[in-house]
Amino acid sequence: MTTTTTTGHDAPETPAAAPATTVPRVVATPVPPQHLRTLGGVTRADVLEVGGAALSSVATGFLLFGRLTPLAGPFGQVVVTFVLFVVAYGFLVSLREDRPGVVNKVMTVLLGAAAFVAFAALATVIVFTLLKGRQALLRSNFYLDDMSEAGPLDPLSRGGIRHAIVGTLVIISLAGLFTVPLGIVCAVFINETRSRLAGTVRTVVDAMTALPSIVAGLFIFALFILILGFPRSGLAAAIAVSVMMLPIIIRSADVVLRIVPGNLREASAALGAPQWRTVWHVVLPTAKSGLATAVILGIARGVGETAPVLLVSGSTAAFNANPNENPMMSLPLMTYEFVRAPQRELQIRGFATAAVLMVLVLVLFVVARIVGGRGAGQLTRRQARRRVARSARDLVRIEARPQEVPA
Amino acid sequence: MTAATTTVPIAAPLEPDVPRTVRSRRDRGDRIFHAGTLTSGLLVLAVMLGVGLFLGIKAVDALEVAGFGFLTTAGWETFTGDFGIASVMIGTAIIALVAVFIAIPVSFGTSLFIAEIAPPRMRSWLVAVVDLMAAVPSIVYGVWGVYFLQEPVVGLARWTSRWFGWIPIFRVDGYDHGDPLASASVFTSSTFLAGIVVAMMVIPIQASIMREVFSQVPAGEREGAYALGATRWGMIRIVSIPFGRGGIIGGTMLGLGRALGETIAVILIISPRFDINFHVLEVGGNSVSALIGNRFGEASGFELSALMAAGLALFVVTLAVNFAASAVVARSRSGAESEV
């Protein structure tokens, strides 16, 4: 029997007669009082700390910029104010909390600031484009005319971007026509069939999602225009955009199909459905909203692509709704041409065109959120009600059937 | 105990058990289904392999003339046969690296904020905003960069070069900080500005991948950290970040892949030059995609072939980066459940 003692003087005398385990006496060291950490929720002290730090940092910032030091510039002031805020906040928190608590609070602020920077930048992109283009955006001729009659020095009351709007719609419709069926079928191939090729296709598609759009444009230029001898046209642009959109759609559709619960497939197979019926009646309907989102987001990416259109369609000032021949304009390419021009009127048109393009993307995006935004198999209230009603009808139908007597 | 006994005949030695072979026979519908999906898979594969193939076919002319020098020549004089991608490829890499360096802290913070800090009701909205950021066309970012960001960035660049000019990459030649009338145009159209704008397109890609892995952190490990008295940041540091390491690295590299290929925003911003320029704050830079976009309009015959070769090089590089990124994401523990 070994006895470990921590302190010498109170070593217990072990009586040899009774072989019992002896536990060394532990000297109680004073334990600091423990308290529960509050992990969530906002207390009044939290608000006061943030508010106080913000007030002091903003005030110090104004004092430094313009009063005490020769520092200047709004950008620098924002940065200095933020640094001051973090320091002041850290100090205030340290009055109440221990070190891990202070680090926690300061890191939370820094993470929040990173998110704020990203979202603020996006907000300035949207607001800036709309503001700069507002002069042209409010005129009806901007949407109803093309640029064939308008010279570079003409006022905003002449000329517009009808040809670019129509061109974009034609190109993206064709691209959607090519990529959506192929993309979804390919996602089904990757996910539902146990083909040995599926893994390879998935790897290649994954790597291709970042295919530079200009490379897609070059590829279609090489194949379609140089080798096959087709003219530059809206169709070629649509195919180039398709090459770029296809991996994006396949990949996001693949992700959506992957989260369809496996037991739904098994239930369908157990009821004797062949695989194509399982896919058509179980897997695809379950993933419907997610697939719609995948498709719409892919289209939104395709709408904004400039480089392939620049290469294989070329620009024009004239209206052209025929994708088979002659150059076809698109909104991003139109923006590119306008903003590179030195004339102020053309630049304003450029901002307005960018704004139209962005609004188009925003609309697509909002539609995607309304249609999708739900996980596979999650129903809206109306869908759930409809399904319950159908199930009740099924029950009536089944009960009305003549009962077979088991042999 | 009775005398009556039953005699059991000795059984014939049993055949060894053989597993039954299960064969699924497909009906006609399934055969069509399998053939159809396989065709689509092959078609997609063919398109993707075709990109490399046809660029290669068209690039042969130029590559034969340039030979190995294509990789080491900095200039772009196609008429004299003295051209190569050394400067544009390095320019592409510098822009992409600047973009990724700017994007990493922002996307890292954004993804952790969404996954760990934001209240659940806010979360789906923030995710939507990040998705929206990815959907904004790159031309819009480019316009924003040239007309909105140029001015503050010039100020920032001037300040940085003044105080940190001793670091080689921040050095700017041809600007005298003592001279109040010195033109600031040496700070415009720089690699730095292009990098910031490309970062705007990289951030959503990185943020969404990182957020995805952070949201998969097993609840058990999370609660374990809390039970041991960790603060929220403590939990993030010892559980979320190690768990999501593969996603962080992979997401960063996927962002890099996107940054390498960005075209139109870079064309709008940068003023092209054909020497290797490491000074990111200084005017001018170049990238492969900007070179193609700028020269494509006037190009014909031989120069076209040279541009195809440049495109092929860009294609190979982005593909390599992406394959590496997918491998990192796939091999990481992210997405695996912890054993409880």
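Just so you know, the sequences run in chain order R and S. This note's numbering numbers the first residue of the first sequence as 112 and each following residue consecutively. This note's numbering numbers the first residue of the second sequence as 3 and each following residue consecutively. Note that the Cβ used here is the ideal one computed from N, Cα and C, for glycine as well.
About 32 Å separates the beta carbon of residue 246/R from that of residue 481/R, a gap too long to meet the 8 Å contact definition. The C-alpha of residue 383/R lies about 37 Å from the C-alpha of residue 50/S. Inclusion of residue 93/S and residue 73/S in the CB contact set at 8 Å is not warranted, their separation being larger than that value.
Counting every other CB atom within 10 Å of its CB across the protein chains shown gives residue 155/R a total below 16, marking it as exposed.
Pairing residue 273/R with residue 257/R gives a Cβ-Cβ distance under 8 Å. Here DSSP, grouped into helix, strand and coil, assigns residue 230/R to helix.
In the structure shown, residue 274/S adopts extended strand secondary structure according to DSSP, grouped into three states. For the stretch 184 to 207 of chain S, the set of residues with a beta-carbon nearer than 7 Å to any beta-carbon of chain R comprises 202 and 205, in chain order. Taking C-alpha positions only, residue 219/S is separated from residue 240/S by approximately 11 Å. Contacts between residue 138/R and chain S, judged by CB atoms closer than 9 Å, are missing: the closest CB pair is about 24 Å apart.
By the neighbour-count criterion, in which a residue is buried when 16 or more other Cβ atoms sit within 10 angstroms of its Cβ, residue 143/R is exposed. Around residue 319/R, the beta-carbon contacts reaching into chain S at under 7 Å are 50. Interface annotation, residue 383/R: not in contact with chain S, CB-CB separation never under 8 Å.
Residue pairing of residue 85/S in beta bridges, as defined by DSSP: 78/S. In the three-state reduction of the DSSP assignment, residue 280/S falls in the coil class, being assigned neither a helical nor a strand state.
Residue 162/R is positioned such that its CB atom lies no closer than 8 Å to that of residue 188/R. Every unbroken stretch of the alpha helix (DSSP H) spanning 4 or more residues and falling wholly within the stretch 243 to 294 of chain R is given here in chain order: 252 to 255.
Secondary structure of residue 198/R (DSSP, three-state): helix. The way I'd put it, the stretch 101 to 116 of chain S does touch the stretch 246 to 263 of chain S; three or more beta-carbon pairs between them come closer than 8 Å.
Among the residues facing chain R, residue 146/S is included, as its CB has a counterpart in that chain under 8 Å away. Identification of chain R residues near residue 36/S by a Cβ-Cβ cut-off of 7 Å yields 304, ordered along the chain. One thing to note: residue 467/R has its Cβ within 8 Å of the Cβ of residue 442/R. For residue 356/R, not one C-beta of chain S is nearer than 8 Å to its own C-beta. Of the residues assessed, residue 149/R falls on the exposed side of the cut-off, its CB having fewer than 16 other CB atoms within 10 angstroms. In this chain, residue 19/S is not harboured by any alpha helix (DSSP H), its DSSP state being neither H nor E. Here residue 163/S carries a helix assignment [DSSP, helix/strand/coil]. Taking 9 Å as the cut-off between beta carbons, the residues of the stretch 237 to 262 of chain R near chain S are 237, 239, 240 and 243, in sequence order. Relative to the Cα of residue 157/R, the nearest Cα in the group 297/R, 508/R and 207/R belongs to 207/R. Contact check between the stretch 326 to 343 of chain R and the stretch 312 to 322 of chain S: three or more CB pairs, one atom from each, fall below 8 Å, which counts as touching.
The beta-bridge partner set that DSSP reports for residue 56/S is empty. Just measuring C-alpha positions, the residue of 514/R, 479/R, 464/R and 420/R sitting nearest residue 244/R is 464/R. Under the criterion of beta carbons closer than 8 Å, residue 356/R and residue 409/R qualify as touching, at roughly 5 Å. Counting along the chain, residue 127/S sits inside the alpha helix (DSSP H) bounded by residues 122 to 137. Neighbours of residue 316/S across chain R, judged by C-beta separation under 7 Å: 323 and 326.
Residues of chain S with a Cβ closer than 8 Å to the Cβ of residue 215/R are, in chain order, 233, 234, 235 and 236. Under the DSSP definition of a beta bridge, residue 180/R partners with 176/R.
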